[in-house]
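K.L.:
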Ligand SMILES: Cc1ncc(COP(=O)(O)O)c(C=O)c1O
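Below, the structure is given as structure tokens:
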């Protein structure tokens, strides 16, 4: 039973980090309301330009959500009914749903225990004549090892689309993760590191032609390209979301510094074997800690210990996607041992830009001690 007198430490705080820009958002809302330009105005255009620059790609297109972004990017990359798309089973449902909605087949490959991202060494074995694309997901803001993924893709003439919904600001090998693939998709869902106040998404394009196609499709224009007739649809980013996201973007670096500091505090207590290890020893990598995770074979005990101290924790992707109802539409390549283990063992700790560092020390010390005891009592 948790102590009702203790102020709980939540997993997120969507309000406090927003407060420094509240007045600016309210003024922006007044301006927006009186502009009469409610759809695809200057806010969306400017946000697209700013985020494309941040991401070091020529173009970005604002769309209705991260899910919509995935659907459009895969479609524009040429994924058609019956094609296979290789991806990770340790991700949010939307990654798989977008593939299935295109009548294509998600093919799950196991993850690496060190970073919970798709294991590049297992991708080649999953390739068949039907494979069209690889869809890596830098989960929890940790970069996937993109170079070997891009090499397998080049060897088999596959497209790569990155689902970077959780990875705004993440770098791989010295560059933004969203610049590595043909297209990368982002979500502005309010819990994300660069948040809106509702739904929203963006597609980062290395090819201006892809961006132009998406701009037309998102606004109901049918387009014929490479022999395919695309149906137009409504998948526009709201002007009001773009206004808020532009303001939050100005504070992103400060907020990220606070998240980094919380992660560094946790790292100082938590044994290396129980937390994230970035690819290539971390050189050129930037992790943005959408979530901070620890691994424990006694997860439920740890949940209860922290809950009794008023600390909320999160369990993600349990079970992983290959055990979902929609797995009926999917294929599995090889054993998914690590994805299953992650589903059983991974626990996320509170992390956000407003988390008091004293709380991070308190949580880190408790979790570190628990994990050290677990290691000492586990036969080797
Ligand atoms: C990995 C991943 N992909 C896709 C999405 C879908 O984004 P949205 O909620 O904006 O549709 C999310 C999150 O919400 C996500 O975490």
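In the numbering used here, the protein residues as written are 47 to 426.
Cβ atoms here follow ideal geometry from the backbone N, Cα and C, with glycine treated the same way.
Excluding sequence positions up to five away, which residues of its chain have a Cβ less than 6 Å from the Cβ of residue 239?
P.N.:
Translated into the one-based positions of the chain shown, residue 239 becomes position 193. For residue 239, where only same-chain residues beyond five positions count, the Cβ hits under 6 Å are 214, 334, 336.
K.L.:
Quick one, are the C-beta atoms of residue 59 and residue 398 less than 8 Å apart?
P.N.:
The residue you call residue 59 lines up with position 13 of the chain shown. The residue you call residue 398 lines up with position 352 of the chain shown. The answer is yes: Cβ separation under 8 Å.
K.L.:
Within 10 angstroms of the Cβ of residue 121, are there 16 or more other Cβ atoms? Answer buried if so, exposed if not.
P.N.:
Within the chain shown, residue 121 is the residue found at index 75, counting from 1. With 16 or more other Cβ atoms within 10 Å, it is buried.
K.L.:
Closest to residue 68 by C-alpha separation, out of 296, 233, 261, would be which residue?
P.N.:
Walking along the chain shown from the start, residue 68 turns up at place 22. Of the candidates 296, 233, 261, the one whose C-alpha sits nearest the C-alpha of residue 68 is 296.
K.L.:
In the DSSP output, what is residue 274 paired with across the bridge?
P.N.:
The residue you call residue 274 lines up with position 228 of the chain shown. Looking at the DSSP assignment, residue 274 forms a beta bridge with 271.
K.L.:
Round the Cβ separation of residue 130 and residue 174 to the nearest angstrom and send it over; I've been treating them as touching at under 8 Å.
P.N.:
The residue labelled residue 130 in the question sits at position 84 within the chain shown. The residue labelled residue 174 in the question sits at position 128 within the chain shown. About 6 Å separates the two Cβ atoms, so the contact holds.
K.L.:
In chain order, which alpha helix (DSSP H) runs of at least 4 residues are fully inside the segment 110-180?
P.N.:
112-122, 139-147
K.L.:
For residue 157 and residue 384, which I take to be in contact (beta-carbon distance under 8 Å), what is that distance rounded to the nearest angstrom?
P.N.:
Counted from its first residue, the chain shown places residue 157 at position 111. Counted from its first residue, the chain shown places residue 384 at position 338. The pair is a contact, with the Cβ atoms about 5 Å apart (cut-off 8 Å).
K.L.:
Would the beta-carbon of residue 121 be found less than 7 Å away from any heavy atom of ligand 1?
P.N.:
Here residue 121 is taken as the residue at index 75 of the chain shown, counted from 1. Taking the Cβ of residue 121 as the reference point, every heavy atom of ligand 1 lies at 7 Å or farther away.
K.L.:
Within the chosen definition, does the segment 361-369 reach the segment 217-228 through at least 3 CB pairs nearer than 8 Å?
P.N.:
no
K.L.:
Secondary structure at residue 284, three-state DSSP: helix, strand or coil?
P.N.:
Along the chain shown, one-based indexing puts residue 284 at 238. In the structure shown, residue 284 sits in a strand (DSSP, three-state: E or B).
K.L.:
So, using beta-carbon positions, are residue 394 and residue 338 closer together than 8 Å?
P.N.:
Your numbering for residue 394 matches position 348 in the chain shown. Your numbering for residue 338 matches position 292 in the chain shown. Cβ atoms of residue 394 and residue 338: closer than 8 Å.
K.L.:
Could you tell me the alpha carbon to alpha carbon distance between residue 100 and residue 189, rounded to whole angstroms?
P.N.:
The residue you call residue 100 lines up with position 54 of the chain shown. The residue you call residue 189 lines up with position 143 of the chain shown. Going from the Cα of residue 100 to the Cα of residue 189 covers about 17 Å.
K.L.:
Would you kindly work out how many angstroms separate the C-alpha atoms of residue 61 and residue 374, rounded to a whole number?
P.N.:
For this step, residue 61 is matched to residue 15 along the chain shown. For this step, residue 374 is matched to residue 328 along the chain shown. Each residue's alpha carbon lies about 40 Å from the other.
K.L.:
Does the distance between the C-beta of residue 140 and the nearest non-hydrogen atom of ligand 1 fall short of 7 Å?
P.N.:
The residue labelled residue 140 in the question sits at position 94 within the chain shown. Yes, since a heavy atom of ligand 1 falls inside the 7 Å radius drawn around the Cβ of residue 140.
K.L.:
Could you give the first and the last residue of the continuous alpha helix (DSSP H) run that contains residue 71?
P.N.:
Taking the first residue of the chain shown as position 1, residue 71 is located at position 25. 68-81 is the extent of the alpha helix (DSSP H) around residue 71.
K.L.:
Reducing DSSP to helix, strand and coil, say where residue 209 ends up.
P.N.:
Position 163 of the chain shown, counted from the start, is the residue given in the question as residue 209. Three-state result, residue 209: strand.
K.L.:
Please say whether residue 114 and residue 247 have beta carbons closer to each other than 8 Å?
P.N.:
To locate residue 247, count along the chain shown from 1; it is residue 201. To locate residue 114, count along the chain shown from 1; it is residue 68. With contacts defined by Cβ atoms closer than 8 Å, residue 247 and residue 114 form a contacting pair.
K.L.:
Where residue 352 and residue 231 are concerned, what is the direct C-alpha to C-alpha distance, given to the nearest angstrom?
P.N.:
Your numbering for residue 352 matches position 306 in the chain shown. Your numbering for residue 231 matches position 185 in the chain shown. Cα to Cα, residue 352 sits roughly 34 Å from residue 231.
K.L.:
For residue 287, count neighbouring C-beta atoms within 10 Å of its own C-beta (all shown protein chains included) and say buried if the count is 16 or more, exposed if not.
P.N.:
Position 241 of the chain shown, counting from 1, holds the residue named residue 287. Buried, since its Cβ has 16 or more Cβ neighbours within 10 Å.
K.L.:
In angstroms, rounded to a whole number, what distance separates the CA positions of residue 84 and residue 70?
P.N.:
Taking the chain shown and counting its residues from 1, the one referred to as residue 84 is at position 38. Taking the chain shown and counting its residues from 1, the one referred to as residue 70 is at position 24. A straight-line Cα-Cα distance of about 18 Å links residue 84 and residue 70.
K.L.:
For residue 101, does the three-state DSSP call read helix, strand or coil?
P.N.:
For the purposes of this step, residue 101 is taken as residue 55 along the chain shown, with counting starting at 1. Note: residue 101 maps to helix in three-state DSSP.
K.L.:
Nearest by alpha-carbon distance to residue 417: which of 316, 225, 78, 191 is it?
P.N.:
Sequence index remark: in the chain shown, residue 417 carries index 371 (1-based). For the residues 316, 225, 78, 191, the minimum Cα distance to residue 417 belongs to 316.
K.L.:
Exposed or buried, which one is residue 79 when buried takes at least 16 other CB atoms within 10 Å?
P.N.:
Mapped onto the chain shown, residue 79 falls at position 33. Exposed, since its Cβ has fewer than 16 Cβ neighbours within 10 Å.
K.L.:
Can you tell which of 166, 420, 382, 251 has the C-alpha that lies nearest to the C-alpha of residue 192?
P.N.:
The residue given as residue 192 occupies position 146 in the chain shown. Checked all of 166, 420, 382, 251; the closest Cα to residue 192 is 166.
K.L.:
Would you mind working out which of 306, 57, 283, 270 sits nearest residue 244, comparing C-alpha positions?
P.N.:
Within the chain shown, residue 244 is the residue found at index 198, counting from 1. Among 306, 57, 283, 270, the Cα nearest to that of residue 244 belongs to 283.
K.L.:
According to DSSP, simplified to helix, strand and coil, what is residue 412?
P.N.:
The residue labelled residue 412 in the question sits at position 366 within the chain shown. Looking at residue 412 - three-state DSSP - the assignment turns out to be helix.
K.L.:
Thinking C-beta only, is residue 358 closer than 8 Å to residue 126?
P.N.:
As a working mapping, residue 126 is identified with position 80 in the chain shown. As a working mapping, residue 358 is identified with position 312 in the chain shown. No, the Cβ-Cβ distance between residue 126 and residue 358 is not below 8 Å.
K.L.:
Classify residue 403: buried if its beta carbon has 16 or more other beta carbons within 10 angstroms, exposed otherwise.
P.N.:
Taking the chain shown and counting its residues from 1, one reaches residue 403 at position 357. Exposed, because fewer than 16 other Cβ atoms sit within 10 Å of the Cβ of residue 403.
K.L.:
Checking 8 Å against the spacing of the C-beta atoms, do residue 323 and residue 160 come in under that value?
P.N.:
Your numbering for residue 323 matches position 277 in the chain shown. Your numbering for residue 160 matches position 114 in the chain shown. The answer is yes: Cβ separation under 8 Å.
K.L.:
Look at the alpha carbon of residue 235 and the alpha carbon of residue 211, and state the distance between them as a whole number of angstroms.
P.N.:
By 1-based counting over the chain shown, the position of residue 235 is 189. By 1-based counting over the chain shown, the position of residue 211 is 165. Each residue's Cα considered, the two are about 9 Å apart.
K.L.:
Can you round the beta-carbon distance between residue 207 and residue 123 to whole angstroms, since I take them to be within the 8 Å contact cut?
P.N.:
Here residue 207 refers to the residue found at position 161 of the chain shown. Here residue 123 refers to the residue found at position 77 of the chain shown. With 8 Å as the limit, residue 207 and residue 123 qualify as a contact, their Cβ atoms being about 6 Å apart.
K.L.:
Tell me which residue opens and which closes the alpha helix (DSSP H) that residue 357 is part of.
P.N.:
Within the chain shown, residue 357 is the residue found at index 311, counting from 1. Residue 357 -> no alpha helix (DSSP H), and no H or E assigned at all.
K.L.:
Three-state secondary structure (DSSP) at residue 261?
P.N.:
Within the chain shown, residue 261 is the residue found at index 215, counting from 1. Helix at residue 261.
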